[in-house]
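Undergrad: Would you mind keeping the following structure in view while I ask a few things?
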Ligand code: FES
Ligand SMILES: [Fe+2]
């Protein structure tokens with residue numbers, strides 16, 4: 091499919107749907123970009139957030155660093171180069187940059203000039219929950235912006251969690267619409283992760299949209315066989331679009347986070363972290379011992395969660411394709427929850443654009459000579 095599709099830009103959007111499908115995500119939040127184990131010492135990878143490319147690398151000291159993926163000399167991608175010690179070396183003339191983005195070495199003659207004082211933008215990175223998290227915005231703000239807090243999967247008594255991820259050809263807002271809106275029960279008629287859902291609560295609180303459903307959670311035969319129904323009340327589910335990510339909770343037994351990485355206007359990577367207080371051995375009333383939870387979750391991911399989520403992936407990819415063909419078709423959205431998700435995404439993007447606009451204006455303001 092052509093990537094040169096002309097869909098309305100955020101500024102040109104004529105209705106809320108066109109606006110939300112063009113909205114970016116505010117970079118001043120934490121986003122998962124990769125699994126911790128995928129970036130070993132000495133490795134460098136490219137990560138893209140909303141069209142902006144970052145060089146993420148782990149120095150030989152084991153520490154992760156992220157800088158703009160661009161050599162300051164002739165703009166080659168630094169990810170084409172190599173990590174030496176705790177620095178990255180550009181593949182062309184061998185200029186080296188440290189983890190703060192500072193140019194620290196030029197291995198050819200300087201023609202009697204001083205070493206240029208150059209620094210590329212650098213970014214905050216953290217490792218948590220087995221994932222690498224990037225703060226693609228202003229690094230001074232990173233410390234004060236919370237990342238998803240998931241106390242259940244940390245510490246000595248952590249619940250088991252084996253993340254799964256997908257890169258889908260769909261705008262991030264389509265994924266957010268999908269994960270908290272249960273009107274798509276039909277799509278999952280084979281696995282029945284939720285059955286007969288009825289929206290019982292919808293509330294917006296700051297940057298969060300809470301929804302609740304009365305529903306039969308994990309109704310399908312396969313899913314159901316893992317759930318200890320005698321202990322867990324699986325008739326109700328709470329969900330939240332906690333900007334920019336999403337979570338759910340079923341009676342404090344079954345929980346998940348869906349954390350998104352918006353790569354560009356039509357590509358999004360989604361990391362799903364499902365975690366369970368306890369699961370039972372299928373078709374027996376016996377709990378799975380903790381030490382077996384991880385291997386069993388790996389199997390459950392393969393036979394159940396992945397195929398189930400691939401249904402969502404196929405749907406949002408088809409929605410993206412449909413939107414690109416018919417972005418001017420009349421909007422026919424019934425779910426009040428979806429309207430609220432979209433409003434939040436648009437509001438956060440407008441906030442970011444306004445802030446960025448005022449920063450740029452401030453930078454452009456001429457310095458008036460004193461006394462004028
Ligand atoms: S382009 Fe990177 S060192 Fe010249
Ligand atoms: Fe779904």
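In my numbering, the protein residues as written are 91 to 462.
In this text, a Cβ means the ideal position worked out from N, Cα and C, and glycines have one as well.
In angstroms with no decimal places, state the Cα-to-Cα distance between residue 113 and residue 164.
TA: Counted from its first residue, the chain shown places residue 113 at position 23. Counted from its first residue, the chain shown places residue 164 at position 74. Taking the straight line joining both Cα atoms gives about 31 Å.
Undergrad: Can you tell me whether DSSP reads residue 107 as helix, strand or coil?
TA: For the purposes of this step, residue 107 is identified with residue 17 of the chain shown, where counting begins at 1. Of the three classes helix, strand and coil, the one that applies to residue 107 here is helix, per DSSP.
Undergrad: Keeping to the same chain, check which residues put their C-beta closer than 6 Å to that of residue 106; ignore five residues upstream and five downstream.
TA: Position 16 of the chain shown holds residue 106. For residue 106, where only same-chain residues beyond five positions count, the Cβ hits under 6 Å are 432.
Undergrad: Report all residues for which the CB-ligand distance to some heavy atom of ligand 1 is below 5 Å; order them along the chain.
TA: With the cut-off at 5 Å, the residues found are 161, 163, 164, 166, 180, 182, 183 and 185.
Undergrad: Closer than 8 Å to a non-hydrogen atom of ligand 4 - does that hold for the CB of residue 283?
TA: Although ligand 4 was asked about, the structure shown includes only ligand 1 and ligand 2 as ligands.
Undergrad: Give the single residue among 199, 215 and 250 whose Cα lies nearest to the Cα of residue 233.
TA: Numbered from its first residue, the chain shown carries residue 233 at position 143. Comparing Cα-Cα distances from residue 233 to each of 199, 215 and 250, the minimum goes to 215.
Undergrad: Could you give the distance in angstroms between the alpha-carbon of residue 283 and the alpha-carbon of residue 391?
TA: Stepping through the chain shown from its first residue, residue 283 is reached at position 193. Stepping through the chain shown from its first residue, residue 391 is reached at position 301. For residue 283 and residue 391, the distance between alpha carbons rounds to 13 Å.
Undergrad: What does residue 192 pair with, by DSSP beta-bridge criteria?
TA: By one-based count along the chain shown, residue 192 stands at place 102. Its beta-bridge partners are 209.
Undergrad: Between which two residues does the beta strand (DSSP E) containing residue 356 stretch?
TA: The sequence position of residue 356 within the chain shown is 266, counting from 1. Premise fails: residue 356 is in no beta strand (DSSP E) and is neither H nor E.
Undergrad: Can you tell me where the beta strand (DSSP E) with residue 135 in it begins and where it stops?
TA: By 1-based counting over the chain shown, the position of residue 135 is 45. 134-139 is the extent of the beta strand (DSSP E) around residue 135.
Undergrad: My assumption, with CB atoms under 8 Å, is that residue 375 sits in contact with residue 315. Please give the rounded CB distance.
TA: Numbered from 1 along the chain shown, position 285 holds the residue referred to as residue 375. Numbered from 1 along the chain shown, position 225 holds the residue referred to as residue 315. Rounded, the Cβ-Cβ distance is 11 Å, inconsistent with contact.
Undergrad: Have a look at residue 103 and residue 146 and give me their C-alpha separation to the nearest angstrom.
TA: The count along the chain shown starts at 1 and reaches residue 103 at position 13. The count along the chain shown starts at 1 and reaches residue 146 at position 56. The straight-line gap from Cα to Cα measures roughly 34 Å.
Undergrad: Check for me: the beta strand (DSSP E) holding residue 395 runs from which residue to which?
TA: By one-based count along the chain shown, residue 395 stands at place 305. No beta strand (DSSP E) contains residue 395, which DSSP labels as neither H nor E.
Undergrad: Under a three-way DSSP split, which group does residue 424 fall into?
TA: Along the chain shown, read from residue 1 onward, the residue named residue 424 stands at position 334. Of the three classes helix, strand and coil, the one that applies to residue 424 here is coil, per DSSP.
Undergrad: Buried or exposed: which applies to residue 340, given that a residue is buried once 16 or more other Cβ atoms fall within 10 Å of its Cβ?
TA: To locate residue 340, count along the chain shown from 1; it is residue 250. So residue 340 counts as buried.
Undergrad: When the Cα of residue 261 is compared with those of 108, 220 and 251, which residue comes out closest?
TA: In the chain shown, the residue the question calls residue 261 occupies position 171. Residue 108 is the option with its Cα nearest to residue 261.
Undergrad: Whole-angstrom Cβ separation of residue 237 and residue 218, contact assumed at under 8 Å?
TA: Taking the chain shown and counting its residues from 1, the one referred to as residue 237 is at position 147. Taking the chain shown and counting its residues from 1, the one referred to as residue 218 is at position 128. About 7 Å; that satisfies the 8 Å criterion.
Undergrad: Starting from residue 264 and walking both ways along the alpha helix (DSSP H), at which residues does that stretch end?
TA: Counting from one through the chain shown, the residue named residue 264 turns up at place 174. That run of the alpha helix (DSSP H) goes 262-270.
Undergrad: Do residue 326 and residue 303 count as a contact pair if the criterion is CB distance below 9 Å?
TA: By 1-based counting over the chain shown, the position of residue 303 is 213. By 1-based counting over the chain shown, the position of residue 326 is 236. Yes, these two residues count as a Cβ contact at 9 Å.
Undergrad: Taking three-plus beta-carbon pairs below 8 Å as touching, is the stretch 111-126 in contact with the stretch 181-200?
TA: The stretch 111-126 is not in contact with the stretch 181-200.
Undergrad: In chain order, what residues of the same chain lie with their CB nearer than 8 Å to the CB of residue 181, ignoring the 5 residues before and after it?
TA: If you number the chain shown from 1, residue 181 lands on position 91. Result list for residue 181: 166, 170, 171 and 172, in chain order.
Undergrad: Rounded to whole angstroms, how far is the Cβ of residue 350 from the Cβ of residue 265, which I believe are closer than 8 Å?
TA: As a working mapping, residue 350 is identified with position 260 in the chain shown. As a working mapping, residue 265 is identified with position 175 in the chain shown. Correct: roughly 6 Å between the Cβ atoms.
Undergrad: List the endpoints of the continuous alpha helix (DSSP H) containing residue 338.
TA: In the chain shown, counting from the first residue as 1, residue 338 sits at position 248. Counting along the chain, residue 338 falls outside any alpha helix (DSSP H), though it belongs to the beta strand (DSSP E) covering 335-340.
Undergrad: Would you say residue 268 touches ligand 2, meaning its beta carbon is less than 8 Å from a heavy atom?
TA: Here residue 268 is taken as the residue at index 178 of the chain shown, counted from 1. Yes; taking the cut-off as 8 Å, the Cβ of residue 268 has a heavy atom of ligand 2 nearer than that.
Undergrad: Does the stretch 273-291 touch the stretch 349-365, meaning 3 or more C-beta pairs lie closer than 8 Å?
TA: The stretch 349-365 is not in contact with the stretch 273-291.
Undergrad: Could you give the first and the last residue of the continuous alpha helix (DSSP H) run that contains residue 311?
TA: Start at 1 with the first residue of the chain shown, and residue 311 comes out as number 221. Residue 311 -> alpha helix (DSSP H) spans 311-314.
Undergrad: Buried or exposed for residue 438, going by 16 or more other Cβ atoms inside 10 Å?
TA: Counting from 1 along the chain shown, the entry for residue 438 is found at position 348. Buried, since its Cβ has 16 or more Cβ neighbours within 10 Å.
Undergrad: Under 9 Å between the Cβ atoms of residue 289 and residue 186?
TA: One-based indexing of the chain shown puts residue 289 at position 199. One-based indexing of the chain shown puts residue 186 at position 96. Taking 9 Å as the Cβ cut-off, residue 289 and residue 186 do not qualify as a contacting pair.
Undergrad: Using only the heavy atoms of ligand 2, determine whether one of them is closer than 8 Å to the beta carbon of residue 346.
TA: Along the chain shown, one-based indexing puts residue 346 at 256. No, Cβ of residue 346 sits at least 8 Å from all heavy atoms of ligand 2.
Undergrad: I want to know whether the stretch 240-252 touches the stretch 360-368 - three or more CB-CB distances under 8 Å.
TA: A contact exists between the stretch 240-252 and the stretch 360-368.
Undergrad: Report, in whole angstroms, the separation of the C-beta atoms of residue 195 and residue 176, which I expect to be a contact under 8 Å.
TA: Taking the first residue of the chain shown as position 1, residue 195 is located at position 105. Taking the first residue of the chain shown as position 1, residue 176 is located at position 86. The pair is not a contact, with the Cβ atoms about 12 Å apart (cut-off 8 Å).
Undergrad: Drop a sphere of 10 angstroms on the beta-carbon of residue 159, count the other beta-carbons inside from all chains shown, and report buried for 16 or more, exposed for fewer.
TA: In the chain shown, counting from the first residue as 1, residue 159 sits at position 69. Its Cβ being crowded by 16 or more others within 10 Å, residue 159 is buried.
Undergrad: Is residue 274 near ligand 2, in the sense that its beta carbon is under 8 Å from a heavy atom of that ligand?
TA: Here residue 274 refers to the residue found at position 184 when the chain shown is read from its first residue. For ligand 2, at least one heavy atom lies less than 8 Å from the Cβ of residue 274.
Undergrad: If you measure between the beta carbons of residue 124 and residue 299, is that distance less than 9 Å?
TA: Reading the chain shown from its first residue, position 34 is the one you call residue 124. Reading the chain shown from its first residue, position 209 is the one you call residue 299. Their beta carbons are not under 9 Å apart, which means residue 124 does not touch residue 299 by this criterion.
Undergrad: Roughly how many whole angstroms lie between the Cα atoms of residue 143 and residue 446?
TA: Counting from one through the chain shown, the residue named residue 143 turns up at place 53. Counting from one through the chain shown, the residue named residue 446 turns up at place 356. Using only the alpha carbons, I get a separation of about 19 Å.
Undergrad: Name the one or two DSSP bridge partners that residue 254 has.
TA: One-based indexing of the chain shown puts residue 254 at position 164. Residue 254 is bridged to 362.
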